[in-house]
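Engineer: Numbering (this note's numbering), first residue to last: 37 to 963.
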């Protein structure tokens, strides 16, 4: 409705304000007047009621006697006098029955007159004053009882009072309306100047150009109104800010355009039909198409045909929401009809519609030239193929060299072993042993070179099998013990009792690392000791972080030489090679093996002081909780004294014994030991255990220390335990006569605690049993001889009964035939010989053999094809599979797997060794 009436309003804001002000004032005055008039009518009504009540009550009181005696004349006179008031229009006096006695009527602008009336009126039922109000006619009807004699009726009209007030109110409204009109004109006059100033500000805002700075970018207005001043200031400030922002926007747009047009990547946008809507300048450089000619064309039209369908399906997935973005390498066709490889990335663009919903309005993305990258990839693939071909050639060369070198080595070592088992005089035996050991040394060098080649070629893999690390460490120490004893240095094994033993990994490679590092340490140590220390930094239920340290007191390595130490064929210097021998491969192999197992190897060394090689490995555990060691509660708080010149020994033994609750003191000399022993005697009355290193007993002071303890009545009951690296059989009786316990070095802490427990419980120990001593001395003598010679000796009592087993030997080399034949015949096996694979298949078909030894590389048919043929014949004839043992000179990783895959049962590497051959036969129960 207001919109329909808006055409009646003036277009000028000032005039509208004046009209609205006048109308508002008039409406307000009308509402106010109406409210006042209604309130005044209510007041008039209440006043009329009160006046009427007063008149009717006075009248009823005055006429009471006249009504009683029915004096109508007196009543008439009284009513005429009372009705003289203009508000009283009618007065009636009736008796109790309602019969009219006197009726006086007072018409407007006339005198009161009596009216003849003998009618019967209906009187109220109440006995009290009763009145009714007629608001429409401004009249009140009163009934007042006159005692018990009759009734007085009065019609009271107060309309004149209301009309008089209404006239006054109308004149006031008219005056107010005139005043409001005048006020409107006055308001129009007062607002004219501010409105003009506002109009100037509006014109300024309309004409403001935020991209230009000058006179038009600000306005000056003088006004006494604070609001206009504030608006004026705000507009100037906004104009300034808009100008600054416009300049920043222009600069940003210029930078953006500069970046977009100077990047090497093509940046594009398309509409929902995938037609180009924006392209930067890189597009023209890449495709040679003008940008203006490319806009509005479908993107897929510029792709090569082989990629169009693929990109079309990708765009469909993009638009239906299956994927959020897309990237792929495709080819585009340039204006010169060339195909260029590009990296295409596409993503969707969204916007809000008029309802606030998010809709897809197109795509954006980049196109990057990768033709150079593709050329590089092609070159890399070619180089990779060439490298793989070279690696394959290298592997084949290694396999060939392994076979060609090990084949004559098999003859040399095999015949040397056989020669040592024939009757020879002392000179011949010495020459034979030198021949055998020289061959073994040459074989060790060959194995090192092949191992390093396998590591370098990536052909060596790491096994993950359960093993006992402590057992491996003990076996390695036992293997190297003879070398240590010959150099008069001490070998220490310090395996921390808290370090887990049962682990999962490659025990053979760990053993190889230990042998290399310990062998080097022993080689370069003249005095002092070589220690193998194993402990764990972090132990979890699943894994253990191992630290393996090889510590020596040898010649040490200068700092400037340490970086070259782990390189191929490298030692500290050339003089070292001549002085100590070796190829320099051991450390390089150890480093490679450590890294293959995910570990590291580091070195700390000081010349003339010694070196420490540290291997760190993280291995899995077999069990979260290992089987606990036996507990010996009777040893709790038992005093023990460890007398050893080496601090590493004292600390390791002390840690082990304290783990079992013993109170341990240590001493580095006999003199210090005596002082500690006296102190222990004062602190504890219990019989102490005294562990004395055999090296201390070499001096008269050390030996007298042991005997003085036995002769002293205070300490005579002490348990003396001799710790010696020298076998007990080689010690003079006078040296160990004072001792009642013996433990061999390198120490196994479980053997030590068992020895202490046996002494404490009164059991006979190894040292105290003469029969065991004699028997062990004989056995150890044989073992010592075997270790000294380091040659395999086959126990004749375990030989296979001659003629009981028939074997087929497939071997093309005459020397190797003789070596294998003699070794097998020596242990009681009848052997038939096949010169190649074909002969082996034919002989296996004609005869039944208990065992077949198959060389892998033979003329006419190799061992792999021969094995497959034999297995096929066995299946065809439903025969039980015969064990086929591979004989190969190849030593590369995967040779054993290849043999097993061909159907062979087991694997023996050349050169053959009698002990390895014997163990394999026992494995298959040929004993």
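For every residue, glycine included, the Cβ atom is placed at its ideal position computed from N, Cα and C.
Closest by CA to residue 267, which one among 693, 233 and 291?
Structural biologist: For the residues 693, 233 and 291, the minimum Cα distance to residue 267 belongs to 233.
Engineer: Is it buried or exposed, residue 281, if we count other Cβ atoms within 10 angstroms and call 16 or more buried?
Structural biologist: Label assigned to residue 281: exposed.
Engineer: Identify the continuous alpha helix (DSSP H) that holds residue 955 and give its terminal residues.
Structural biologist: Where residue 955 is concerned, the enclosing alpha helix (DSSP H) stretches over 950-959.
Engineer: According to DSSP, which residues form a beta bridge with residue 777?
Structural biologist: Bridge partners of residue 777: 757.
Engineer: Please go through the stretch 559-590 and give each complete beta strand (DSSP E) segment of 3 or more residues, from N-terminal end onward.
Structural biologist: Counting whole runs of 3 or more residues, the stretch 559-590 contains the beta strand (DSSP E) stretches 565-575 and 579-588.
Engineer: Helix, strand or coil for residue 718? Go by DSSP, reduced to three states.
Structural biologist: In this structure, residue 718 counts as helix in the three-state DSSP scheme.
Engineer: Would a C-beta distance cut-off of 8 Å place residue 720 and residue 704 closer than the cut-off?
Structural biologist: Result no, Cβ atoms of residue 720 and residue 704 do not sit closer than 8 Å.
Engineer: Taking Cβ positions, are residue 592 and residue 647 nearer each other than 8 Å?
Structural biologist: It is a contact, given that the beta carbons lie within the stated cut-off.
Engineer: If you check the beta carbons only, do residue 730 and residue 759 fall under 8 Å apart?
Structural biologist: Cβ distance < 8 Å, so residue 730 and residue 759 count as in contact.
Engineer: Which of helix, strand or coil does DSSP assign to residue 192?
Structural biologist: Strand at residue 192.
Engineer: Taking 7 Å as the cut-off, does the CB of residue 213 come closer than this to any heavy atom belonging to the ligand ATP?
Structural biologist: In the structure on display, the ligand ATP does not appear, and there are no ligands present to speak of.
Engineer: For residue 315, which of 323, 184 and 305 has the nearest alpha-carbon?
Structural biologist: Closest by alpha carbon: 305.
Engineer: Buried or exposed, going by whether 16 or more other CB atoms sit within 10 Å of the CB of residue 502?
Structural biologist: By the 10 Å Cβ count, residue 502 comes out exposed.
Engineer: How do the stretch 526-538 and the stretch 563-580 stand: do at least 3 beta-carbon pairs fall below 8 Å, yes or no?
Structural biologist: Yes: at least three Cβ pairs fall under 8 Å.
Engineer: Measuring CB to CB, does residue 124 end up less than 8 Å from residue 169?
Structural biologist: Contact: no.
Engineer: Any idea what DSSP makes of residue 700, helix, strand or coil?
Structural biologist: Of the three classes helix, strand and coil, the one that applies to residue 700 here is strand, per DSSP.
Engineer: Where does residue 782 fall in DSSP's three states?
Structural biologist: Reduced to three states, the DSSP call for residue 782 is coil.
Engineer: Name, in chain order, the residues that DSSP records as bridge partners for residue 656.
Structural biologist: Paired residues: 540 and 579.
Engineer: DSSP has residue 135 in a bridge; who is on the other side?
Structural biologist: In DSSP, residue 135 forms a bridge with 156.
Engineer: Quick test of your reading: residue 138 and residue 150, contact by CB under 8 Å. State the CB separation rounded to the nearest angstrom.
Structural biologist: At roughly 7 Å, the Cβ-Cβ gap stays under 8 Å, so residue 138 and residue 150 are in contact.
Engineer: Which whole-angstrom value describes the C-beta separation of residue 186 and residue 130, a residue pair presumed to lie in contact below a C-beta threshold of 8 Å?
Structural biologist: Contact holds; Cβ gap of about 5 Å.
Engineer: Is it buried or exposed, residue 949, if we count other Cβ atoms within 10 angstroms and call 16 or more buried?
Structural biologist: Buried: at least 16 other Cβ atoms inside 10 Å.
Engineer: Can you name, in chain order, every residue of its own chain whose Cβ lies under 7 Å from the Cβ of residue 330, other than the five neighbours on each side?
Structural biologist: Cβ neighbours of residue 330 beyond the five flanking positions: 312, 315 and 319.
Engineer: In angstroms, rounded to a whole number, what distance separates the CA positions of residue 541 and residue 376?
Structural biologist: Cα-Cα distance, rounded: 51 Å.
Engineer: Compute the beta-carbon to beta-carbon distance between residue 657 and residue 579, rounded to the nearest angstrom, for a pair I have assumed lies under 8 Å.
Structural biologist: 6 Å between Cβ atoms; contact.
Engineer: Assuming residue 361 is part of the alpha helix (DSSP H), what are its boundary residues?
Structural biologist: Per DSSP, residue 361 belongs to no alpha helix (DSSP H); it is in the beta strand (DSSP E), 361-369.
Engineer: Helix or strand or just coil, what does DSSP make of residue 820?
Structural biologist: Any reading at residue 820 must be qualified, since the residue scores a pLDDT of 37, below 50, and its modelled position is unreliable; the value itself is stated next. In this structure, residue 820 counts as helix in the three-state DSSP scheme.
Engineer: Examine the Cβ distances between the stretch 839-852 and the stretch 867-877 and report whether three or more of them are shorter than 8 Å.
Structural biologist: Contact holds: three or more Cβ-Cβ distances are below 8 Å.
Engineer: Look up residue 397 in the DSSP assignment and say whether it is helix, strand or coil.
Structural biologist: Reduced to three states, the DSSP call for residue 397 is strand.
Engineer: Could you tell me the alpha carbon to alpha carbon distance between residue 960 and residue 954, rounded to whole angstroms?
Structural biologist: C-alpha separation (whole angstroms): 10 Å.
Engineer: Using three-state DSSP, classify residue 944 as helix, strand or coil.
Structural biologist: If DSSP states are grouped into helix, strand and coil, residue 944 belongs with the strands.
Engineer: Is the stretch 693-702 touching the stretch 665-679 in the sense that three or more CB pairs, one from each, lie closer than 8 Å?
Structural biologist: These segments touch.
Engineer: Do you know how far the Cα of residue 638 is from the Cα of residue 942?
Structural biologist: Between residue 942 and residue 638, the C-alpha separation is close to 38 Å.
Engineer: Using 8 Å for Cβ pairs, my map puts residue 382 next to residue 370. What's the rounded Cβ distance?
Structural biologist: Their Cβ separation, rounded to whole angstroms, is 20 Å, which puts residue 382 and residue 370 out of contact at 8 Å.
Engineer: Considering only C-alpha positions, which residue in the set 725, 751 and 764 is nearest to residue 791?
Structural biologist: If we check each option's Cα against that of residue 791, 725 comes out closest.
Engineer: Buried or exposed: which applies to residue 709, given that a residue is buried once 16 or more other Cβ atoms fall within 10 Å of its Cβ?
Structural biologist: Counting Cβ neighbours within 10 Å, residue 709 comes out buried, since at least 16 surround it.
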